[in-house]
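So the sequences go chain by chain: A and B. Going by this note's numbering, the first sequence opens with residue 8, and the numbers climb by one from there. Going by this note's numbering, the second sequence opens with residue 306, and the numbers climb by one from there. Below is one structure, written out as structure tokens, with a few remarks after it.
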Amino acid sequence: MSVRDLDELRRLALDMRIEIVKMMGPNKAHHFGGSLSATDLVTALYMSKMRYDPARPDWPERDRFIMSKGHCVPAQYAALAFLGVFPKEELTTLKLMGTRLQGHPAAHLLPGIEGCTGSLGQGLSFANGMALAGRMQGLDFDVYCLLGDGEIQEGQVWEAVRTSSVQCLDRVTAIVDANGLKAMDRSYCGKEMAALAPKFEAFGWHVREIDGHDMGAIVEALDWATESRDAPSAIIAETIKGKGISFIEDRAEYHNAALSSEQIALALEELEAQRFEMEEA
Amino acid sequence: MRTRRETRHVYGEALLRAGESNPQIAVLDADLYKSTRSDLFRERFGERFIDMGISEMDMVSTAAGLAASGMIPYANSFAMFITAHCYDQIRIQICYPNLHVILAGSSAGLTQGPDGASHQALEDIALMRALPNMRVLVPADGVETEAMTLAAAQEIDGPVYLRLGRYPVPDLFDSSYRFALGRASWLGQGSDVTLIACGHTVSAARDAAELLANRDISAGVVNMSSIKPLDEDAVRAAMQATPLIVTVEEHSILGGLGGAVAEVMAETGGNARLLRLGTRDRFGESATADELLEKHGLTPRGITDSVVQALGR
Numbered sequence: 008m009s010v011r012d013l014d015e016l017r018r019l020a021l022d023m024r025i026e027i028v029k030m031m032g033p034n035k036a037h038h039f040g041g042s043l044s045a046t047d048l049v050t051a052l053y054m055s056k057m058r059y060d061p062a063r064p065d066w067p068e069r070d071r072f073i074m075s076k077g078h079c080v081p082a083q084y085a086a087l088a089f090l091g092v093f094p095k096e097e098l099t100t101l102k103l104m105g106t107r108l109q110g111h112p113a114a115h116l117l118p119g120i121e122g123c124t125g126s127l128g129q130g131l132s133f134a135n136g137m138a139l140a141g142r143m144q145g146l147d148f149d150v151y152c153l154l155g156d157g158e159i160q161e162g163q164v165w166e167a168v169r170t171s172s173v174q175c176l177d178r179v180t181a182i183v184d185a186n187g188l189k190a191m192d193r194s195y196c197g198k199e200m201a202a203l204a205p206k207f208e209a210f211g212w213h214v215r216e217i218d219g220h221d222m223g224a225i226v227e228a229l230d231w232a233t234e235s236r237d238a239p240s241a242i243i244a245e246t247i248k249g250k251g252i253s254f255i256e257d258r259a260e261y262h263n264a265a266l267s268s269e270q271i272a273l274a275l276e277e278l279e280a281q282r283f284e285m286e287e288a
Numbered sequence: 306m307r308t309r310r311e312t313r314h315v316y317g318e319a320l321l322r323a324g325e326s327n328p329q330i331a332v333l334d335a336d337l338y339k340s341t342r343s344d345l346f347r348e349r350f351g352e353r354f355i356d357m358g359i360s361e362m363d364m365v366s367t368a369a370g371l372a373a374s375g376m377i378p379y380a381n382s383f384a385m386f387i388t389a390h391c392y393d394q395i396r397i398q399i400c401y402p403n404l405h406v407i408l409a410g411s412s413a414g415l416t417q418g419p420d421g422a423s424h425q426a427l428e429d430i431a432l433m434r435a436l437p438n439m440r441v442l443v444p445a446d447g448v449e450t451e452a453m454t455l456a457a458a459q460e461i462d463g464p465v466y467l468r469l470g471r472y473p474v475p476d477l478f479d480s481s482y483r484f485a486l487g488r489a490s491w492l493g494q495g496s497d498v499t500l501i502a503c504g505h506t507v508s509a510a511r512d513a514a515e516l517l518a519n520r521d522i523s524a525g526v527v528n529m530s531s532i533k534p535l536d537e538d539a540v541r542a543a544m545q546a547t548p549l550i551v552t553v554e555e556h557s558i559l560g561g562l563g564g565a566v567a568e569v570m571a572e573t574g575g576n577a578r579l580l581r582l583g584t585r586d587r588f589g590e591s592a593t594a595d596e597l598l599e600k601h602g603l604t605p606r607g608i609t610d611s612v613v614q615a616l617g618r
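Encoded structure:
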């Protein structure tokens, strides 16, 4: 990928962050932290990597994306709206009565959402099921599943990690958004974090660790993952919770919190300044 | 004596036939395929069979993913594990988006037998019935099991819980039987009492009706095999026909067939009384199936005694 294309993706990621903050708005609790830590990963997938036709979100041969950490679905909503799967104006209906943009993904309500998540730990199993269906139907789509590093404390994740490997689901890529924070506290002590890649390796996965905010590294790792054969691939992406807004970065209290009108204005100011800097460069 | 068949065996054979006619059908099992009888499908259609290992939650979520990508999955395990162990997955990933997944719960109820309380599903109907979009089917014999197994893929588009057992039951129906979701079938009309049963207790209820006839008690028998949607008209018809209704199930009297019938009766109003037979808010235990049915009053004799007592004869 050319430097220019990468710059375009970086710009898009900032536009996504701005849109996420705007859709959440002031004075209501939202999952700012995890949505923003995952934004670069989601941008790279939808805006560059995935084989996806926004006019046909149910196209059988499309690549699939499962937001296993369902509370971070605003990042996916922003991507789908940017692509035109549904009108951008609808983003501000997030979590309002009657909306298709539920607090956690509702596949039956909104085109582009592949599966229902929200109870943590279930998305990778679902992704495996989609990949198995593809194999049975002779379709060669890829399935990407984004998990939180806190989420993978759920036991079912490791049942699914085993299944992906035993079934040789090399069309499955798991991306761990390792922002290091859960709802209350640190996800892991240092020892546990260091053991994350070896855990996937021990189950027979291909594993790569990257900086989850380095767009070049993300794009490269996604290509590596889909080119890797005979086993599923895991990308451990080290990220910062709340990335892009200085005063909420790396703070667990902004996992699901309300920002005041002043804080929202400040957040948008910061993001727009980053956007402006990028244009200047 | 008529041939008796275990509904789980008939299910396995029907599943194989379903697979022959429909390439969309996929089957998952969690290390119990010889018991659930999904082994018949496995031998024939290995490429559409997934042995998940001992991971029921993963199996149920994987089935949801298969359904979301155009397959019709049948997920198999013991009734206890595929319902209670996977409730959250069934609720959010299958029922919420109304995905066409068939959950086959095998070896349900007390008649699971010697393995004891951990393996005896006595709350599964209640659990599944509470979930929006879920259909709950409990076949009474081999004929109905076959029909329901095929209909679950062909005639229903959404989640199905199919409750199967290992207690051999005689065939109650013949080849003229036609399955219709939400429709009960009458095995006889009565004027004193209507026995509403599901699963193998339908056969016991029918035998009880004969014993009651010997005592000049006229008993009707309803096979309420579609517990959700429930045939509410059949319940109301029974309320018109007899002053007493007795539900019979190999399940807790809380929230299952008895609970469902009680809800309809309470909202309908009227003078008909209800007696619920089943397990009374307690766990099962290790014993033979017949010993347990005897203990919980679910044999033809036990049902008869309960009816006689309720009628004060």
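The beta-carbon is built from N, C-alpha and C at its ideal position, and this holds for glycine as well.
Asked: Out of B:Thr609, B:Ser366, B:Glu361, B:Ser374, point me to the one whose CA is closest to phenylalanine 383 of chain B's CA.; Found: B:Glu361
Asked: Looking at lysine 56 of chain A: is its Cβ nearer than 9 angstroms to the Cβ of aspartate 184 of chain A?; Found: no
Asked: Taking C-beta pairs closer than 9 angstroms, name the residues in chain B that alanine 190 of chain A reaches, listed in chain order.; Found: Result: empty, since nearest Cβ-Cβ is about 18 angstroms, beyond 9 angstroms.
Asked: Does the region 375-389 of chain B come into contact with the region 403-416 of chain B, if we say contact requires no fewer than three beta-carbon pairs (one atom in each stretch) closer than 8 angstroms?; Found: yes
Asked: Need the endpoints of the alpha helix (DSSP H) that leucine 229 of chain A sits in, please.; Found: 222-234
Asked: Give me the Cα-Cα distance between methionine 306 of chain B and valine 613 of chain B, rounded to the nearest whole angstrom.; Found: Confidence in methionine 306 of chain B is poor, its pLDDT being 48 and thus under 50, which makes the residue's placement unreliable; the coordinate value appears in the next sentence. Whole-angstrom Cα-Cα distance: 27 angstroms.
Asked: Less than 8 angstroms between the CB atoms is what I'm expecting for isoleucine 25 of chain A and threonine 46 of chain A, so what's the real figure, rounded?; Found: Between threonine 46 of chain A and isoleucine 25 of chain A the Cβ distance is about 10 angstroms, and since that is not below 8 angstroms, they are no contact.
Asked: Just checking: is the beta-carbon of proline 67 of chain A within a distance shorter than 9 angstroms of some beta-carbon in chain B?; Found: yes
Asked: Count the other CB atoms within 10 Å of the CB of isoleucine 217 of chain A; is the residue buried (16 or more) or exposed (fewer)?; Found: buried
Asked: Along the chain, where does the alpha helix (DSSP H) containing asparagine 519 of chain B start, and where does it finish?; Found: 506-519
Asked: Please confirm whether methionine 306 of chain B has its beta-carbon closer than 9 angstroms to some beta-carbon of chain A.; Found: Any reading at methionine 306 of chain B needs caution, since the residue's pLDDT is 48, under 50, leaving its predicted position unreliable; the model's value is listed next. Closer than 9 angstroms: no.
Asked: Locate the alpha helix (DSSP H) running through methionine 30 of chain A, then write down its first and last residues.; Found: 10-31
Asked: Enumerate in chain order the residues of its own chain whose CB-to-CB distance from serine 240 of chain A is below 6 angstroms, with the five nearest sequence positions on each side excluded.; Found: Thr180, His213, Ala232
Asked: I believe glycine 487 of chain B touches threonine 312 of chain B by the beta-carbon criterion, under 8 angstroms. Please report the beta-carbon distance rounded to the nearest angstrom.; Found: Their Cβ separation, rounded to whole angstroms, is 20 angstroms, which puts glycine 487 of chain B and threonine 312 of chain B out of contact at 8 angstroms.
Asked: Pull up the distance between the alpha-carbon of arginine 396 of chain B and that of leucine 436 of chain B, whole angstroms please.; Found: 7 angstroms
Asked: In this structure, how does DSSP classify methionine 306 of chain B when only helix, strand and coil are distinguished?; Found: The pLDDT assigned to methionine 306 of chain B is 48, lower than 50, so where the model puts this residue is not dependable, and the model offers no usable value.
Asked: With DSSP as the reference, label arginine 581 of chain B as helix, strand or coil.; Found: strand
Asked: Excluding sequence positions up to five away, which residues of its chain have a Cβ less than 6 angstroms from the Cβ of glycine 560 of chain B?; Found: Ala431
Asked: Are the C-beta atoms of methionine 439 of chain B and some chain A residue less than 9 angstroms apart?; Found: no
Asked: Which partner residues does threonine 552 of chain B have in the DSSP bridge list?; Found: B:Ile501, B:Arg581
Asked: Give me the DSSP bridge partner(s) of tyrosine 151 of chain A.; Found: A:Phe72, A:Thr180
Asked: Would you mind giving the Cβ-Cβ distance between arginine 468 of chain B and aspartate 429 of chain B, rounded to the nearest angstrom? I have them listed as a contact below 8 angstroms.; Found: 7 angstroms
Asked: Run through chain A and tell me which residues come within less than 9 angstroms of aspartate 334 of chain B, C-beta to C-beta.; Found: Those do not exist, as aspartate 334 of chain B stays about 13 angstroms from chain A at its closest Cβ, beyond 9 angstroms.
Asked: Restricting to Cα atoms, I'd like to know which of A:Pro33, A:Asp147, A:Phe39 is closest to serine 253 of chain A.; Found: A:Phe39
Asked: Check aspartate 344 of chain B in the structure and name its three-state DSSP category.; Found: helix
Asked: I believe lysine 189 of chain A touches glycine 157 of chain A by the beta-carbon criterion, under 8 angstroms. Please report the beta-carbon distance rounded to the nearest angstrom.; Found: 4 angstroms
Asked: So leucine 139 of chain A and glutamine 174 of chain A are supposed to be a Cβ contact under 8 angstroms. How far apart are they, rounded?; Found: 7 angstroms
Asked: Along chain A, which residues have their Cβ under 7 angstroms away from the Cβ of asparagine 403 of chain B?; Found: His115
Asked: Is DSSP giving serine 490 of chain B helix, strand or coil here?; Found: strand
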